[in-house]
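This report refers to the structure that appears directly beneath it.
2 protein chains.
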Amino acid sequence: MSAVESAGGETADSPPSYLIQSVLMPEAEGYATVDVWLHAGHIAAIAPQVTPGQAAEVIDGRNKLLLPGFVNGHTHSSQVWQRGLIRPLPPELWLAEVFDTAPALGVEELYWAALSTGIETLLSGGTCVVDQVLLKRGQELESVAAIAQAYRELGLRALIAPLIMDEPLAAGLPQGRSRSDATTGDSGAILEWMAAIVEQFHRPATGIQIAVGPTGFHRCSDALLVGCATLSDRYQLCRHTHLLETRAQRQLAYEKYGRSAVAHLADLGFLNHRTSLAHGVWLEEPDLDILAETGATVVHNPVSNLRLGSGIAPILKCLQRGVNVAFGCDGAASNDAQDLLEAIKLGMMLQTVTEPDYQRWITPRRAIAMATLGGAKAVNLAAQTGSLTVGKAADLVLYDLSHPSMLPLTDPIQLLVLGRPMQVVDRVWVQGRQVLAQGQFQTVDRQDLYEQLRDRRLQFNLNPRQTLAQIEPHYRQMLLD
Amino acid sequence: MSAVESAGGETADSPPSYLIQSVLMPEAEGYATVDVWLHAGHIAAIAPQVTPGQAAEVIDGRNKLLLPGFVNGHTHSSQVWQRGLIRPLPPELWLAEVFDTAPALGVEELYWAALSTGIETLLSGGTCVVDQVLLKRGQELESVAAIAQAYRELGLRALIAPLIMDEPLAAGLPQGRSRSDATTGDSGAILEWMAAIVEQFHRPATGIQIAVGPTGFHRCSDALLVGCATLSDRYQLCRHTHLLETRAQRQLAYEKYGRSAVAHLADLGFLNHRTSLAHGVWLEEPDLDILAETGATVVHNPVSNLRLGSGIAPILKCLQRGVNVAFGCDGAASNDAQDLLEAIKLGMMLQTVTEPDYQRWITPRRAIAMATLGGAKAVNLAAQTGSLTVGKAADLVLYDLSHPSMLPLTDPIQLLVLGRPMQVVDRVWVQGRQVLAQGQFQTVDRQDLYEQLRDRRLQFNLNPRQTLAQIEPHYRQMLLD
């Protein structure tokens, strides 16, 4: 077919056309060498040979692999500033140390952190990120503006889910509620500025969405969770929250609700096909059926789970029960890298610990499907992205198979997933716009970012670790003694 | 002090002197900024300020971290050619697939594979590798010559441990011995060419050692194991073998010996302070005491263990009982990367799965100590290397802390271990010789290697997978049904 003949539907805003020639793409088994034509933001043709139209920039796809972009289903961009800072501690104590050492971040720091997160997402094969991010108090709208600006400049798809909660840290521990005031925030006021953020920044067509992001049942009142669900329905927003990252949270749910957290969230109407749940390490069997029925997604964050000792999420069981699973990096304070390929590798391999039968293990190809189509489902974009399908948006990544870290070239997908690829992302398109070409960002000078990360000296409050000291005795008593 | 005044003991063969100024090094807690003087192959001085002598090349150590080199305690260099090729399978079936798909490697391919392994070791912070390598049958001495040449050219310390065995693959499975001839090799003949290899290539002063490397009790007769121990004593060679990588091996030991593999190896006299044991995933409590008493080392290969579903090695228990632990990558067919920093990261993090009390977790600093001094102990070099100590050999790595993957610069060691550093190895010295400077190898053009890995088309025999088909039903019956 001819690209010129088939052209149409182009608007003034349409990205240029691209024709990627002779590129490797995975088939059900093995690989095919194809031409792929990107036009008007979409995959317009995939065929053994496509005739380039004059309007198309022709790209040599030889020795390259084309895959749909991954979705980073869970991170917290502002933690970039605490990368490498927090000691190995379990989640509840880790969070206390994050609080204790947190530098006072301004809106500018939020911008640079989001830019860093976006760059690392793109450089590791991602085209979309779910950023559950803590906003600067009192400057919530300015914070989202800065974060959205970073992702818009990069050209990355992003779901910005402001972290909200109305219960204090101590309430997140079993028998911890009595130790502090039950609420710390006014859910009504929070939902009010959330609605304002949605009105101002939720622009799905541009690739920037707002999602509701209550931090988790363990620190949210029912009123806040229901309010989030309502807001989400009004604007068709995605919903994103932490769920059962720790054993303590499972225990807390029974204490707080007399039933599992999943059963409670389902009753509140929080779970649906637009809902993604970070972690799910301590899900129980009956929970899985609820998740499958409601269409909610579990986001697997294996690097963070291992670093914090949260346990191994029952991802294989989720898949066996028909629960959608995506991958996430989690924030840089609990995954000091933000590399999707690392998360995918560890995520698939970790399942071998709990499943002796290798015939049930996640294969590298299945891991890629989870990171792409599974990720797209997690953000309710599976109809538009997540696979190499004609008609879908061109959210695509071109990998350089001639890079030393991909040699010798045996099975490209196995090398990509099981190896340790470095700098193999050659080009990235998001909604058909080329945001990275030959390893270079098209719209952003990343040296600016590195200068900021190098030179911006933030004040970390390293001593005393007050919150940690307050919580630790209770934590040890409840969970270790 | 002055470098010139203190100079002495230099010979014609001595490497040049280096003075690394104002470099960060770890102290018991925190970091110190020091000058480090390397002279005559050794660390000659570490002090807040050392006056450079005329003979010393001065190196700016600012924004750099100096650590002892890591030891890659276990790999199989020839597997480089099968990187990315083998599907996710448990060790016994994985090995069958490795056999089935193995290309016919010539001595040249062994050279390039060793060069690749050496380069990846150096680029990920290693200064020494234990290469338990399969030699070309009938060309055993030529094989070792090629492998030794690769490491010598790079300037890497290496222990070359030819893989030897005298029992067939099927004998390595429980109830598998009756299924095949009990022996496939003549231990006497094997030990004869091993002795010739030792005579010709064991040159500890140059950094190249030969070690005895029986593949494991599961495929070796007692005669071969005892012969290895005897040879090792005659030349003071290190001993290296696989041990209890799989549950099947533990079962097999009781079947074969009526007791644990460790008890049997101890009785054979195979375990001593020069012995390192790869994996140890299925060690039992009483085994640990034997290992501690004999001074043997367990080499932890977490990436390979996860990829093959071997289980989680009881590394914390080993450390608690006083057993030395080092890190290894394992071969590229089971760890498709050969990155020591990845192995260290995963190795420390995996222990959180089996130990709920964070106060017992391996910290990044302890992980570094395991990879350096623990690694040095594994190869019986702890008196000479493995720490930043005046008088020890200068086996040192200088890390660039200004690299984007190390930003923002919070805690350098945490960033190095818990992050995903890329291209941060700036300089490496081995025995005081600078083998890598500003990221460039001093004696080898690595583009030559990449061309070979790219263009040397080996014949892989992908179908039928005959050995796998033979073994799989028995495997499933013994271990899964």
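Those protein sequences? They're chains H and B, same order as listed. Numbering of the first sequence is given in the working numbering, commencing with residue 2 and proceeding in unit increments. Numbering of the second sequence is given in the working numbering, commencing with residue 2 and proceeding in unit increments. Note that CB positions come from ideal geometry on N, CA and C, so glycine has one too.
Nearest to H/Ala279 by alpha-carbon distance, out of H/Glu58, H/Leu253, H/Ala314, H/Glu256, is H/Ala314.
In this structure, H/Ile363 sits near B/Pro89, with a CB-CB distance shorter than 9 Å. No Cβ-Cβ contact shorter than 9 Å links H/Ile87 with H/Ile161.
Nearest to H/Ser78 by alpha-carbon distance, out of H/Thr242, H/Thr128, H/Gly332, is H/Gly332. In its chain, beyond the 5 residues on either side, no residue has a beta carbon closer than 8 Å to the beta carbon of H/Glu200.
If you draw a 10 Å sphere on the C-beta of H/Glu285, you find fewer than 16 other C-beta atoms in it, and that means exposed.
Of all residues in the segment 405 to 419 of chain B, only Pro405, Ser406, Met407, Leu408, Pro409, Leu410, Thr411, Asp412, Pro413, Ile414, Gln415, Leu416, Leu417, Val418, Leu419 place a beta-carbon less than 9 Å from a beta-carbon of chain H. Using a Cβ-Cβ cut-off of 8 Å, B/Thr118 is close to nothing in chain H; its nearest Cβ partner there is about 13 Å away.
Put simply, of H/Leu437, H/Gly217, H/Ser144 the residue whose alpha carbon is nearest the alpha carbon of H/Ala249 is H/Gly217.
The count of Cβ pairs closer than 8 Å, one atom from the segment 146 to 153 of chain H and one from the segment 107 to 125 of chain H, reaches three, so the stretches are in contact. Taking the C-beta atoms as reference points, H/Gln471 is found no nearer than 9 Å to H/Ala103. In the structure shown, the three-state DSSP call for B/Ala115 is helix. No Cβ of chain B is located within less than 9 Å of the beta carbon of H/Asp331. Residues are counted here when their Cβ sits less than 7 Å from a Cβ of chain H; for the segment 449 to 479 of chain B these are Tyr451, Leu454, Arg455, given in chain order. B/Leu226 and B/Val263 have their C-alpha atoms spaced approximately 13 Å apart. Among the residues facing chain B, H/Ala297 is not included, as its CB has no counterpart in that chain under 9 Å away. In the DSSP assignment, no residue is bridged to B/His274.
Of all residues in the segment 67 to 91 of chain B, those with a C-beta nearer than 9 Å to a C-beta of chain H are Val81, Trp82, Gln83, Arg84, Gly85, Leu86, Ile87, Arg88, Pro89, Leu90, Pro91, reading in chain order. The beta-carbon distance between H/Trp95 and H/Leu244, rounded to whole angstroms, is 17 Å. This is too long to meet the 8 Å contact definition. About 7 Å separates the Cβ atoms of H/Leu20 and H/Ile60, confirming a contact at the 8 Å cut-off. Taking CB atoms only, H/Leu347 has a neighbour in chain B less than 9 Å away. Taking CB atoms only, B/Thr373 has no neighbour in chain H less than 9 Å away. In this structure, the beta-carbon distance from H/Cys239 to H/Val130 does not fall below 9 Å. Taking the beta carbon of H/Glu343 as reference, the chain B residues within 7 Å of it are Arg421, listed in sequence order. About 7 Å separates the beta carbon of H/Val72 from that of H/Ala372, a gap short enough to meet the 8 Å contact definition. Per DSSP, B/Phe100 is not a residue of any beta strand (DSSP E); the alpha helix (DSSP H) it occupies stretches across 92 to 102.
Of all residues in the segment 354 to 383 of chain H, those with a C-beta nearer than 7 Å to a C-beta of chain B are Val354, Pro357, Asp358, Tyr359, Trp362, Thr364, reading in chain order. Residues of the segment 24 to 36 of chain H with a C-beta less than 7 Å from any C-beta of chain B: none at all. Apart from sequence neighbours up to five positions away, the residues of its chain that approach B/Glu93 with a beta-carbon distance below 7 Å are Gly173, Leu174, Thr247, Ala249, Ile472, Tyr476, ordered along the chain. Within chain H, the residues whose beta carbon sits less than 8 Å from that of B/Gly310 are Thr353, Val354, Glu356, Pro357, Tyr359, Trp362, listed in sequence order.
Non-local beta-carbon contacts of H/Gln439 in its own chain, meaning distances under 8 Å to residues more than five positions away in sequence, involve Asp427, Arg428 in chain order.
In the DSSP annotation of this structure, the continuous segment of the alpha helix (DSSP H) that includes B/Lys378 starts and ends at 376 to 379. No Cβ-Cβ contact shorter than 9 Å links B/Ala395 with B/Gly348. Taking the Cα of B/Pro422 as reference, the smallest distance to any Cα among B/Val431, B/Pro409, B/Trp430 is reached at B/Pro409.
The beta carbon of B/Glu121 is closer than 6 Å to those of Gln339 in its chain, skipping five residues each way along the sequence. When DSSP states are grouped into helix, strand and coil, H/Lys393 belongs to the coil group.
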